[in-house]
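Numbering (my numbering), first residue to last: 86 to 267.
Everything on this sheet refers to the single structure shown next.
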Amino acid sequence: MTENRSYLQKYAMHFGTYMGVYWILKFILFPLGLSIPFLLFLFVGLTLGVPFMGYYYVRTYRDKVCGGSIKFLQAWIFTVFMYMFAALLTAVAHFIYFRFIDHGFIIQTYMAMLETMDKNNVPGMGGYMEQLRDLMDTISSLTPIDITMQLMSQNVFYGSLLAIPTALFVMRKPKSPEMQPL
């Protein structure tokens, strides 16, 4: 059992590193996408690909390490660990970006969008504009470490939710000896 746990952690770190690098490369597209819409579209598309990437990694773990069978709980724990390790690696990049690179760019861009919407009297937004401004003021008061911790906790939370359907799709009972060909 201890050997299985060490394999689980080792491979969760391994695949979590791959996913973390993917998330970092994907994150680079977000601030760029605020100026170039195609890059924001690409960011959203790559974000939608994360669950499929997670499924592929858990399936690979099941087939290569677990001999083709894995229980739901083991698959769920592996997936949560993988997303957690990816979130930890990505948090380093988030902190570096918000501490040394951003200098309020994202907030200023969103504030400019709000001003444009306010000037153009976008239908249905009248009551929400003040709430959105208050939200932007609150977000702009956060420190880089606050933003990083918030993003990391969101990544872990959503990863643990994604782990449920992933584990359901990946789990497989061991084949019984009488069903295997001779």
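From the three backbone atoms N, C-alpha and C, an ideal C-beta is built for every residue, glycine too.
Inset, instruction - Would you kindly report the start and end of the unbroken alpha helix (DSSP H) that includes I192? - result: One-based indexing of the sequence shown puts residue 192 at position 107. Residues F190 to K204.
Inset, instruction - Pick helix, strand or coil for I181, following the three-state DSSP scheme. - result: On the sequence shown, residue 181 is found 96 positions in, with the first residue counted as 1. In the structure shown, I181 sits in a helix (DSSP, three-state: H, G or I).
Legend entry - Residue from L173, V165 and T145 with nearest C-alpha to T102: For the purposes of this step, residue 102 is taken as residue 17 along the sequence shown, with counting starting at 1. Of L173, V165 and T145, the residue nearest in Cα terms is L173.
Legend entry - Length of the line joining the Cα atoms of T233 and K260: As a working mapping, residue 233 is identified with position 148 in the sequence shown. As a working mapping, residue 260 is identified with position 175 in the sequence shown. So the two alpha carbons sit approximately 44 Å from each other.
Inset, instruction - Count the other CB atoms, across all protein chains shown, that sit within 10 Å of the CB of F254; report buried if there are 16 or more and exposed otherwise. - result: Your numbering for residue 254 matches position 169 in the sequence shown. So F254 counts as exposed.
Inset, instruction - Would you kindly work out how many angstroms separate the C-alpha atoms of D148 and I109, rounded to a whole number? - result: Translated into positions along the sequence shown, residue 148 becomes position 63. Translated into positions along the sequence shown, residue 109 becomes position 24. Straight-line Cα distance between these residues: approximately 27 Å.
Inset, instruction - For T201, count neighbouring C-beta atoms within 10 Å of its own C-beta (all shown protein chains included) and say buried if the count is 16 or more, exposed if not. - result: Within the sequence shown, residue 201 is the residue found at index 116, counting from 1. Exposed is the call here.
Legend entry - Nearest-angstrom Cα separation, counted from K204 out to G139: Residue numbering aside, residue 139 sits at position 54 when the sequence shown is read from its first letter. Residue numbering aside, residue 204 sits at position 119 when the sequence shown is read from its first letter. Each residue's Cα considered, the two are about 43 Å apart.
Inset, instruction - For my contact list, L199 and L217 are in at a C-beta cut-off of 8 Å; report their separation, rounded to the angstrom. - result: Residue 199 sits at position 114 when you count from the first residue of the sequence shown. Residue 217 sits at position 132 when you count from the first residue of the sequence shown. 6 Å between Cβ atoms; contact.
Legend entry - Cβ pair P116, F183 closer than 8 Å: Here residue 116 corresponds to residue number 31 of the sequence shown, with the count starting at 1. Here residue 183 corresponds to residue number 98 of the sequence shown, with the count starting at 1. Against a cut-off of 8 Å, the Cβ pair of F183 and P116 comes out as no contact.
Inset, instruction - Starting from the Cα of I186, find the closest Cα among I113, A197 and K258 and give me that residue. - result: As a first step, residue 186 must be located in the sequence shown, where it is residue number 101. Comparing Cα positions, the closest option is I113.
Inset, instruction - Compare the C-alpha of Y107 against each of G152, G130 and S245 and name the closest. - result: In the sequence shown, the residue the question calls residue 107 occupies position 22. Closest option to Y107, Cα to Cα, is G130.
Legend entry - Sub-8 Å separation of I155 and M256 beta-carbons: Mapped onto the sequence shown, residue 155 falls at position 70. Mapped onto the sequence shown, residue 256 falls at position 171. The answer is yes: Cβ separation under 8 Å.
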